[in-house]
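Residue numbers (this note's numbering): 1269 to 1683.
Structure, rendered in structure tokens:
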């Protein structure tokens, strides 16, 4: 059983001493584009560049280091949506002990293979983080391994709190704002304990995925409660029930918690990639999303520090997110038209598009599927354009050339 003592700033300093030769002190990077857009001084804490790709190794190593030789001999077990799995796998590898990780069946492939490469046995079970946790507890009872909780453990919280020590160096005595993703609450609780001791005037704001707002629901209920579903691309914070330890710490020390939806998280992910040239996962981008959406009001004369908590995202999924965001930003335009079904009639359309500065990403001929007149052929195109205004100018140009261009889903041939 986990000893449920409340960690203190002394525990966080002790964790920092343990972690000193183990972790990377990740950079604090100015978010120049975001600061310019929003009119503030925004700084990223790039934990996506941490060993194993997220902040999780801090807590995992602190917990495993606290075990006795006998406990280490039986190995460790945990459940995870992915990042904690990699943190535990790395921490166990560094301690030379066995690690077993139970992950949900939907866990990203990149996170599964990374944990396996670091020597962990990975078992896929259940549809959610909490389903995986129930099965991991069953296995623990059979094997005698020590359970390394992802967030609801004082050693884990103290380890995550070392992030707060590093953030404090960038904050003035009079305050500032720190924005932190929240799933089960271990990172937020640790950071809050550190900063309330070192920078008591700081404004602390947590961000949850709207598809799994378990901490907010628990605050409203006055105790940890489970939300019925965890429907979000932010798998790193898709925790249906927060911790018994983390909830009271957050209730006492954190100023506010806001939510962002998946569309906002996706836009923020692409924003960080495009303007700061860093890869973050959905959970790692929710703080940026909250700023872009206006869910957090900036204080222009104070720094705002945003924790990018992780960067472990599957390449195929990242590509899908980028494409979807580009479509919604008007960078991809999907249109249909039709031309007489005779040789040579496609070339003028494509040439006109090229002269207008757009790129044809994909093109298809359609006949019977669209129920076109027998003497016409339909053309479906995906165009890459500079922005929505550029796309509309291309539609206008083609129509002046006599083509009946419509956005996808409308009739495109003459009546």
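All C-beta atoms in this analysis are idealised placements derived from N, C-alpha and C, irrespective of residue type, glycine included.
Legend entry - residue 1524 - DSSP class collapsed to helix/strand/coil: strand
Legend entry - Ranges of the alpha helix (DSSP H) found wholly within the stretch 1358-1410, counting only runs of at least 4: 1377-1385
Inset, instruction - Please classify residue 1494: does DSSP put it in a helix, a strand, or coil? - result: coil
Legend entry - Classification of residue 1410 by the beta-carbon crowding that lies within 10 angstroms, buried from 16 upward: exposed
Legend entry - Cβ pair residue 1558, residue 1526 closer than 8 angstroms: yes
Inset, instruction - Whole angstroms is fine: what's the gap from residue 1530's alpha carbon to residue 1597's? - result: 15 angstroms
Legend entry - Residues near residue 1470 by beta carbon distance below 8 angstroms, same chain, minus five either side: 1439, 1443, 1444, 1445, 1446, 1463 and 1464
Legend entry - Simplified DSSP state of residue 1540, which is helix, strand or coil: helix
Legend entry - CB contact flag (residue 1422, residue 1523, <8 angstroms): no
Inset, instruction - Indicate the three-state DSSP secondary structure (helix, strand or coil) for residue 1329 in the structure shown. - result: helix
Inset, instruction - Note down the Cα distance separating residue 1576 from residue 1315, rounded to an integer number of angstroms. - result: 6 angstroms
Inset, instruction - Give the DSSP bridge partners of residue 1347, in chain order. - result: 1370
Legend entry - Nearest-angstrom Cα separation, counted from residue 1663 out to residue 1683: Note that residue 1683 has pLDDT 26, beneath the 50 cutoff, so the model's placement of it is unreliable and the number below is only indicative. So the alpha carbons of these two residues sit roughly 19 angstroms apart.
Legend entry - Neighbour-count burial assignment, residue 1629, 16 or more Cβ in a 10 Å radius: exposed
Legend entry - As assigned by DSSP and simplified to three states, the class of residue 1294: coil
Legend entry - Residue nearest to residue 1652 in terms of C-alpha spacing, selected from 1640, 1627 and 1534: 1627
Inset, instruction - Take residue 1678 and list the residues in its own chain whose beta-carbon comes closer than 7 angstroms to its own, dropping the five residues that flank it on each side. - result: At residue 1678 the pLDDT is 38, less than 50, meaning the model places this residue with poor confidence and gives no usable figure here.
Legend entry - With 16 other Cβ atoms within 10 Å as the buried cut-off, status of residue 1612: exposed
Legend entry - Neighbourhood of residue 1382 by C-beta distance below 6 angstroms, restricted to the same chain and skipping five residues each side: 1354
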